[in-house]
Amino acid sequence: MTEPSMTSPARPTVGAPGAQLLEGALTVLGDEPTSRVAHLLSLPQELPLALFSAMARLRAFDERAVILQRQGVIGTYPTYFGEEAVQAAGVLALSNEDWLFPTYRQTAAVTLRGCPPEVPLLMWRGHPGGWHDVMRYRVAPICVPIATNYPHAVGAAWGAKLKGEKVVALAFGGDGSTSAGEFHEACNLAAVVGAPVIFLVTNNQWAISTPISKQTRVTRLADKAAAYGMPGIRVDSFDVFACFEAVREAADRARAGLGPTLIEAVGYRLGPHGTADEPSMYRDQAQAGLWAAMEPLGRTEAALIEAGLADQQQLEQIRKSAAAALFDVADRLAATPLPPIEEIADSVHLRTPWSLSPERLHEPKWISNG
Amino acid sequence: MTEPSMTSPARPTVGAPGAQLLEGALTVLGDEPTSRVAHLLSLPQELPLALFSAMARLRAFDERAVILQRQGVIGTYPTYFGEEAVQAAGVLALSNEDWLFPTYRQTAAVTLRGCPPEVPLLMWRGHPGGWHDVMRYRVAPICVPIATNYPHAVGAAWGAKLKGEKVVALAFGGDGSTSAGEFHEACNLAAVVGAPVIFLVTNNQWAISTPISKQTRVTRLADKAAAYGMPGIRVDSFDVFACFEAVREAADRARAGLGPTLIEAVGYRLGPHGTADEPSMYRDQAQAGLWAAMEPLGRTEAALIEAGLADQQQLEQIRKSAAAALFDVADRLAATPLPPIEEIADSVHLRTPWSLSPERLHEPKWISNG
Amino acid sequence: MQLNMVEAIGRALGQILEDDPSSVLMGEDIGVNGGVFRATVGLQQRFGDDRVVDTPLAEAGFVGAAIGMCLVGLHPIVEIQFDAFVYPALQQLFDHAGRFRWRTQGAYGLPMVIRLPYGGGTKAPELHSDSPETIFSHMPGLRVVIPSDPRSAGELLLAAAGCGDPVIFMEPKRMYRRGRYEVPEALLAGDLDKAVVVRDGSDLSLIAYGAMVEVAEGAADVLAQEGASVRVVDLRSIYPLDRDELLSAASETGRVVVVQEAPRHCGVAAEIAAMIQEEAADSMLAPTLRVTGMDMPFPLFQSEDEMLPSIPRVVATARAALNY
Amino acid sequence: MQLNMVEAIGRALGQILEDDPSSVLMGEDIGVNGGVFRATVGLQQRFGDDRVVDTPLAEAGFVGAAIGMCLVGLHPIVEIQFDAFVYPALQQLFDHAGRFRWRTQGAYGLPMVIRLPYGGGTKAPELHSDSPETIFSHMPGLRVVIPSDPRSAGELLLAAAGCGDPVIFMEPKRMYRRGRYEVPEALLAGDLDKAVVVRDGSDLSLIAYGAMVEVAEGAADVLAQEGASVRVVDLRSIYPLDRDELLSAASETGRVVVVQEAPRHCGVAAEIAAMIQEEAADSMLAPTLRVTGMDMPFPLFQSEDEMLPSIPRVVATARAALNY
Ligand SMILES: Cc1ncc(C[n+]2csc(CCOP(=O)(O)OP(=O)(O)O)c2C)c(N)n1
Ligand SMILES: Cc1ncc(C[n+]2csc(CCOP(=O)(O)OP(=O)(O)O)c2C)c(N)n1
Ligand SMILES: [Mg+2]
Ligand SMILES: [Mg+2]
């Protein structure tokens, strides 16, 4: 479950497919050891470990979810193995007043805002308790239809701006989402109205089985920002410190009234698209395996140790306690009662229409002579 | 009706709002007189006059249509006054084998492929005879919903390519259309599959009352091409020779297997959005009037005379006969019988379903006891 | 005061902007230009361009943005320029607007209104005459409301803006300038769920909505001359239906004709007919008949009167029901 | 040979690609990966990536492109990955696909098929279980076809590909792997307009389609044990409806129950009930009753069996009709 901790913080050999995409992408861990260490030491004291802990929690959730799926406790599950850095940085670089717009691939991001992990797990268990409290966490419901969360983020950011609040919105997305019309409409609208929004697009080079080369002809998704007159930033998606800087800078710009930013977090999908997907059907898994060295927890660990900010044991402990917190989660899931359908029907409208009233839900109750 | 023929071919004073947009746009007429003349003389002998004639026919149609609308012979009509150069060049730079995808603003373009002008006029008269023969002219039905014609053009071009035919497709559109998702999806798809398609976008700086500054934050629409990895060309929309070159080059590229091109034809909407629109509600019409000097027929006339390719009288004659051809068009429109609704209902499906059969169209015929 | 429908809508919008500082109007050309139908004339001047916002040409984008605005406490009212131009936004409406409250287990709603000028009868170009209410009423989570006259337009728009859930507010554009009628100076929110009996009668009920209410009333006049006492019910709420009023009309008159300009197959009239025969079968003296648009694209305008239910078609169908 | 539904669809697609050199398959992940449901497995290898094309993630774009392909003589068959993901393409389908033949005054059609895996019962995540057939059948110009078993899937898909007009071909994904049944080695095109009586009966007719046919048959078994002779009709064509078969069922059995998993309001069952009472009122011994999904978003999967019509619900409703 845990990765070899001897990973180096540096970037991988160019042997990995598409590794050249990392060239020119913002990096901290890929820098010279001295500047890498200097960067980590320049950060607010708690931050490096906080980022690591957040990633460890995300990892523990993901690993547990995969197990729960195999055990039949939850249904199909989209693992995000390897994308913890982007998510942790995306959440921690913003304040809790800021809004997040996750997709199916960031369902645990809300746990970094304090939501119990049972909640997103209930979602994958097909249970309505899986919908977290949107207003409490300022995290939108997870979004399944690709790219449709981008306009929401623009609206929230723009709305906050209209109200004179200094709130930023961040939308997550993938390389595939950039082909969809709503990505375009959202980026364009955001730029026109100067919405304080961040489009954080993880280019993991795959949309299910579709490689980035069949998705778009440009090799750098960040170049798409030019079409909207907004900055496009490229960052190493496996480098939590670089991701943090990129998001923080974009948030600063946004708060300063300078409008939206597109961030392309460059990487590679280390795992399958989801538990129902079989990548060996469509890609060379041995080749793909060359990217494993970039796995962000191991890299961060190595860097933290190198900078003297933590020792191996301490980090191991963080990972272990993150995992431990989820050992009995299956019991908690099982213990969560399913609300009756009448209650679910009653949740659709503020004033429930007659057709969704308990008496009308099942035909025999109201059919004459039934 | 006809413009002062003493117009100069050159570009207007910068006093016109947004005139700086023309900077860097491809031009022939805006060049030095010597190179301008040289260019015209370098063209195939018939071409300059053919372009002028095509524009004259488009102008005559447009002027007649506006009159017919005032007379109540046709309904709301979207005039394209000032956009004749883009349309004439778009049609003439391609072969008759190539496909055109017009919007509501290019309804007469099909007449340059031999379709009688009554046909598009019948469209605005609300008569089904207004649908031209799509396969005969290789011109798609006019497209009202903004940007939805772009994917069609991509499909036609891509399809031709898959079939091994050297056919090009050209889609017309406006500045407003670039904000719509389907513009993006079409451009991206075209670039990925290398479809031989030309996106010919007229930036007339207005989408009804919405100025380009509220439409997008970039000032050059052609810059959007970078997001797709295709070339973006800017051309003076009032310069028929420049437009011709731009389209021809894009078509050559497409036929050579080099994929799509985005052409931004830069200009200004000289007239209202349509006959129901009142531009003085939302723009300074006096300022807007400074663009009138760019009116493309006058400019072309001046250039043709300057190059010794025609004299004033000859050109006047071309305009007059174009107008004359439409003098009695109202009678022809009136003489076109309206097909009965049963016939229209029968045109929806190849095998007409019972619900659209003549007996079922009007209730009383089939209702029991009716 | 005497207002036509579009003026009444403009007034209601002004009142909403005045009373609710969180309300925002969005749409294409609604600012300086006041909208292509002039419903928002003067509002940007009055309330500023932070409250009355021109958007780029991107219906999915700005309907999606309206959803996001709700999250931060705004109450957006979105104008779609014409009926058919809502189609690019259907994914946002079906996948998000209609599902938000359910996704918060009932806790939070999206207080947004989509204003949609719709329907035929204005001699407009293609795709400017659609009547897509069925698709909104079938896809869950959306309320669908259609006024028929200036006063109901104003009152229902206020109610829609205050209802706390997304409302597709469809405005029969053919009625926009169909004469001025009395509208109270200060509008009060109407009842969003209620159909209204616009004229009482005991022999037959005509159920209609939007521009078809006027047609139904015209038909009722003709039938009255033939001695038939005809009730006319203005549906107003397309989803949810006012079941009580519909079943009363059915059981009290025993004969029902539903009029809709949308295509027939799976239209609102089908739902009403199905419901009446399910729940009031014993009272019915005749089948519930439908006068509807045809299952075809709305014809180019020279033939639009053939598509649109007319007084003669309604009268003929009503006679069939009366003689059943 | 014995095939399940998804294999039968794959076979039919292979046969189409083989017989019609103008046919092209398009969609997300249909090439190397063979589609998320594996319907196209092996086809790209067999026919090349010019015939079986992976598209970018842009449903409006590639459905629009399919329309353009038709103009140059191709016959595209588009796979949409899951039901709800067709919504971005609705504008293309409503504004263009459904209107093209009418826009050519009947002269030219678009020979395209949209394959849409749909419906619940597979314990899938949100927005992977919708049943949007109503919206396609209401909006003019589209044919809507739904098979219920491997053989009808293969035969109707062939018919759809050959019909000359756009067909929304909805595949009940819950039936994809519901056992293998005999399918002819060489498939022949089925009849696109015909409903099929899957079992005869004289006391009551159950009308169903897609995955609901199996449920209706299960209910018919139960009712048979109670002594009721129940006819089961598989609708197959959602638009146009097979009026003759439906009216025969109604008038010959006098009692009808329609089963659909889509929400009730304005569903296909409403249309059928409305039509039967309009046209067969005199033969009916009971109202036409409906067993449907509820007017709410398809619930997260733990509750999906509450949404989906079940054998007990159909039986109970049938009993109500029988005892009427
Ligand atoms: C509109 C829409 N079409 C199709 C799908 C099915 N689908 C789910 S994930 C996915 C690929 C997304 O790829 P990408 O955007 O790169 O994100 P990733 O999964 O790699 O994180 C597809 C096609 C969907 N969810 N929504
Ligand atoms: C999807 C859609 N939304 C709205 C409209 C209404 N509409 C018609 S023309 C137009 C402006 C188009 O501007 P532009 O693309 O610049 O083209 P132009 O009219 O200037 O030629 C609008 C909003 C439409 N036709 N389609
Ligand atoms: Mg991806
Ligand atoms: Mg324009």
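For the record, the sequence lines run as chains A, B, C and D.
Our numbering puts the first residue of the first sequence at 134, with every later residue one more than the last.
Our numbering puts the first residue of the second sequence at 134, with every later residue one more than the last.
Our numbering puts the first residue of the third sequence at 15, with every later residue one more than the last.
Our numbering puts the first residue of the fourth sequence at 15, with every later residue one more than the last.
Idealized CB from N, CA, C, for every residue including glycine.
> Under the rule that 16 or more other beta-carbon atoms within 10 Å means buried, what is N229 of chain B, buried or exposed?
Replying inline: Counted from its first residue, the second sequence places residue 229 of chain B at position 96. Burial check for N229 of chain B: the Cβ neighbour count within 10 Å stays below 16, so the residue is exposed.
>> Could you compute how far the alpha carbon of S145 of chain D sits from the alpha carbon of E428 of chain A?
In response: On the fourth sequence, residue 145 of chain D is found 131 positions in, with the first residue counted as 1. On the first sequence, residue 428 of chain A is found 295 positions in, with the first residue counted as 1. Approximately 40 Å between the Cα atoms of the pair.
>> Can you tell me whether P137 of chain A is buried or exposed? The criterion is at least 16 other CB atoms within 10 Å of its CB, across all chains shown.
In response: Sequence index remark: in the first sequence, residue 137 of chain A carries index 4 (1-based). For P137 of chain A, the predicted structure reports a pLDDT of 40, less than 50, and the residue's modelled location is therefore unreliable. The matter cannot be settled from this model.
>> Can you find the residues in the same chain that come closer than 6 Å, C-beta to C-beta, to G400 of chain B, ignoring five residues on each side of it along the sequence?
In response: As a working mapping, residue 400 of chain B is identified with position 267 in the second sequence. Cβ within range, chain order: N337, S370 and F371.
> Is it a yes or a no for the segment 19 to 30 of chain D touching the segment 75 to 82 of chain D, going by three-plus beta-carbon pairs under 8 Å?
Replying inline: Taking 8 Å as the limit for Cβ pairs, the verdict is that the segment 75 to 82 of chain D does not touch the segment 19 to 30 of chain D.
>> Please state the DSSP three-state secondary structure of Q204 of chain B.
In response: Numbered from its first residue, the second sequence carries residue 204 of chain B at position 71. Here Q204 of chain B sits in coil by DSSP.
> If the cut is a Cβ gap below 8 Å, which residues of chain B does I81 of chain D touch?
Replying inline: Counting from one through the fourth sequence, the residue named residue 81 of chain D turns up at place 67. When 8 Å is used as the limit between beta carbons, I81 of chain D is near these residues of chain B: P284, H285 and G288, in chain order.
> Excluding the five sequence neighbours on either side, which residues of its own chain have a C-beta within less than 6 Å of the C-beta of A293 of chain A, listed in chain order?
Replying inline: Sequence index remark: in the first sequence, residue 293 of chain A carries index 160 (1-based). If the five residues before and after A293 of chain A are omitted, its C-beta is found closer than 6 Å to the C-beta atoms of V300, all from its own chain and listed in chain order.
> Given a limit of 9 Å on CB to CB distance, which residues of the segment 82 to 95 of chain C reach chain A?
Replying inline: For the segment 82 to 95 of chain C, which is checked against every Cβ of chain A, the residues closer than 9 Å are G82, M83, C84, L85, V86, G87, L88 and P90.
> Going along chain B in order, which residues have a C-beta closer than 9 Å to the C-beta of A359 of chain A?
Replying inline: For this step, residue 359 of chain A is matched to residue 226 along the first sequence. Ordered by position in chain B, the residues that pass the 9 Å Cβ test against A359 of chain A are V351, D356, K357, A359 and A360.
>> By the three-class DSSP mapping on this structure, what secondary structure does G112 of chain C have?
In response: Your numbering for residue 112 of chain C matches position 98 in the third sequence. Of the three classes helix, strand and coil, the one that applies to G112 of chain C here is helix, per DSSP.
>> Classify Q220 of chain A: buried if its beta carbon has 16 or more other beta carbons within 10 angstroms, exposed otherwise.
In response: Residue 220 of chain A sits at position 87 when you count from the first residue of the first sequence. Buried, because 16 or more other Cβ atoms sit within 10 Å of the Cβ of Q220 of chain A.
> Y237 of chain A: which of A:H406, A:Y415 and A:C320 sits nearest, CA to CA?
Replying inline: As a first step, residue 237 of chain A is located in the first sequence; it is residue number 104 there, counting from the start. Selected option, being the one with the closest Cα: A:H406.
> Got a sec: does ligand 3 put a non-hydrogen atom nearer than 7 Å to the Cβ of A358 of chain A?
Replying inline: On the first sequence, residue 358 of chain A is found 225 positions in, with the first residue counted as 1. A358 of chain A: no, Cβ never under 7 Å from ligand 3.
>> Applying the 10 Å Cβ sphere with the 16-neighbour rule, what's the burial state of Q450 of chain B?
In response: Here the question's residue 450 of chain B lines up with position 317 in the second sequence. Exposed, by the Cβ-count rule.
>> Considering only heavy atoms of ligand 1, does any lie closer than 7 Å to the CB of P278 of chain A?
In response: On the first sequence, position 145 is the one that residue 278 of chain A refers to. At least one heavy atom of ligand 1 is nearer than 7 Å to the Cβ of P278 of chain A, so yes.
>> Let me confirm a value: N337 of chain D is counted as buried when at least 16 other C-beta atoms fall within 10 Å, else exposed. Which label applies?
In response: The residue given as residue 337 of chain D occupies position 323 in the fourth sequence. Result: exposed.
>> Let's see if you can read the secondary structure: which residues bound the alpha helix (DSSP H) around W232 of chain B?
In response: Stepping through the second sequence from its first residue, residue 232 of chain B is reached at position 99. Segment W232 to F234 is the beta strand (DSSP E) holding W232 of chain B; no alpha helix (DSSP H) there.
>> Once the 5 residues before and after T212 of chain B are set aside, which same chain residues still bring their CB inside 6 Å of it?
In response: Within the second sequence, numbered from 1, the residue matching residue 212 of chain B stands at position 79. The residues are D195, V199 and G404.
> Can you name, in chain order, every residue of its own chain whose Cβ lies under 6 Å from the Cβ of V14 of chain D, other than the five neighbours on each side?
Replying inline: Lying before the first or after the last residue shown, residue 14 of chain D is absent from chain D, which here runs from 15 to 338.
> If you draw a straight line from the alpha carbon of G503 of chain A to that of S454 of chain A, how long is it in whole angstroms?
Replying inline: As a working mapping, residue 503 of chain A is identified with position 370 in the first sequence. As a working mapping, residue 454 of chain A is identified with position 321 in the first sequence. With a pLDDT of 41 at G503 of chain A, under the threshold of 50, the modelled position of this residue cannot be trusted, and the question is left open.
>> Any beta carbon from chain B within less than 8 Å of Y101 of chain D's own beta carbon?
In response: Residue numbering aside, residue 101 of chain D sits at position 87 when the fourth sequence is read from its first letter. At a cut-off of 8 Å between beta-carbon atoms, Y101 of chain D makes no contact with chain B.
> If we cut at 8 Å on Cβ distances, does E156 of chain A have a partner in chain B?
Replying inline: Position 23 of the first sequence, counted from the first residue, corresponds to residue 156 of chain A. Not flagged as an interface residue toward chain B: E156 of chain A, since no C-beta distance is shorter than 8 Å.
> So, is the C-beta of P137 of chain A closer than 8 Å to a C-beta in chain D?
Replying inline: Indexing the first sequence from 1 puts residue 137 of chain A at position 4. With a pLDDT of 40 at P137 of chain A, under the threshold of 50, the modelled position of this residue cannot be trusted, and the question is left open.
> Who are Y253 of chain C's beta bridge partners in DSSP?
Replying inline: Along the third sequence, read from residue 1 onward, the residue named residue 253 of chain C stands at position 239. The beta-bridge partner set that DSSP reports for Y253 of chain C consists of C:V158.
> Under 8 Å between the Cβ atoms of V224 of chain B and R246 of chain B?
Replying inline: Position 91 of the second sequence, counted from the first residue, corresponds to residue 224 of chain B. Position 113 of the second sequence, counted from the first residue, corresponds to residue 246 of chain B. The answer is yes: Cβ separation under 8 Å.
> If the cut is a Cβ gap below 7 Å, which residues of chain B does A340 of chain A touch?
Replying inline: Position 207 of the first sequence, counting from 1, holds the residue named residue 340 of chain A. Result: empty, since nearest Cβ-Cβ is about 12 Å, beyond 7 Å.
> Where do the ends of the alpha helix (DSSP H) carrying G422 of chain B lie?
Replying inline: Your numbering for residue 422 of chain B matches position 289 in the second sequence. Counting along the chain, the alpha helix (DSSP H) containing G422 of chain B begins and ends at Q418 to G422.
>> For S472 of chain B and P139 of chain C, I'd like the C-alpha separation in whole angstroms.
In response: Along the second sequence, one-based indexing puts residue 472 of chain B at 339. Along the third sequence, one-based indexing puts residue 139 of chain C at 125. Inspection of the sequence shows that residue 472 of chain B is occupied by Pro rather than by Ser. When the Cα atoms are used, P472 of chain B and P139 of chain C turn out to be separated by approximately 18 Å.
> Is the Cβ of M134 of chain A closer than 8 Å to any Cβ of chain C?
Replying inline: As a first step, residue 134 of chain A is located in the first sequence; it is residue number 1 there, counting from the start. Note that M134 of chain A has pLDDT 35, beneath the 50 cutoff, so the model's placement of it is unreliable and the number below is only indicative. Closer than 8 Å: no.
> What do you reckon, are the CB atoms on L322 of chain A and A74 of chain C nearer than 8 Å?
Replying inline: For the purposes of this step, residue 322 of chain A is taken as the residue at position 189 of the first sequence. For the purposes of this step, residue 74 of chain C is taken as the residue at position 60 of the third sequence. Their beta carbons are not under 8 Å apart, which means L322 of chain A does not touch A74 of chain C by this criterion.
>> Do G49 of chain C and L322 of chain C have their beta-carbon atoms positioned less than 8 Å apart in this structure?
In response: Here residue 322 of chain C refers to the residue found at position 308 when the third sequence is read from its first residue. Here residue 49 of chain C refers to the residue found at position 35 when the third sequence is read from its first residue. Taking 8 Å as the Cβ cut-off, L322 of chain C and G49 of chain C do not qualify as a contacting pair.
>> Counting only C-beta atoms, is N321 of chain B closer than 8 Å to chain A at any point?
In response: Within the second sequence, the letter at position 188 stands for residue 321 of chain B. Cβ-Cβ to chain A under 8 Å: yes for N321 of chain B.
>> Taking the straight line between their C-alpha atoms, what separation do you get for V272 of chain A and I290 of chain D?
In response: Taking the first residue of the first sequence as 1, we reach residue 272 of chain A at position 139. Taking the first residue of the fourth sequence as 1, we reach residue 290 of chain D at position 276. In this structure, the alpha-carbon of V272 of chain A lies about 49 Å from that of I290 of chain D.
>> Going by DSSP, what residue range makes up the alpha helix (DSSP H) through F150 of chain C?
In response: What you label residue 150 of chain C is simply residue 136 of the third sequence in a count that begins at 1. From DSSP, the alpha helix (DSSP H) with F150 of chain C extends over E147 to H152.
> Less than 7 Å between the CB of W424 of chain A and some heavy atom of ligand 3, yes or no?
Replying inline: In the first sequence, residue 424 of chain A corresponds to position 291, counting from 1. Outside the cutoff, so no.
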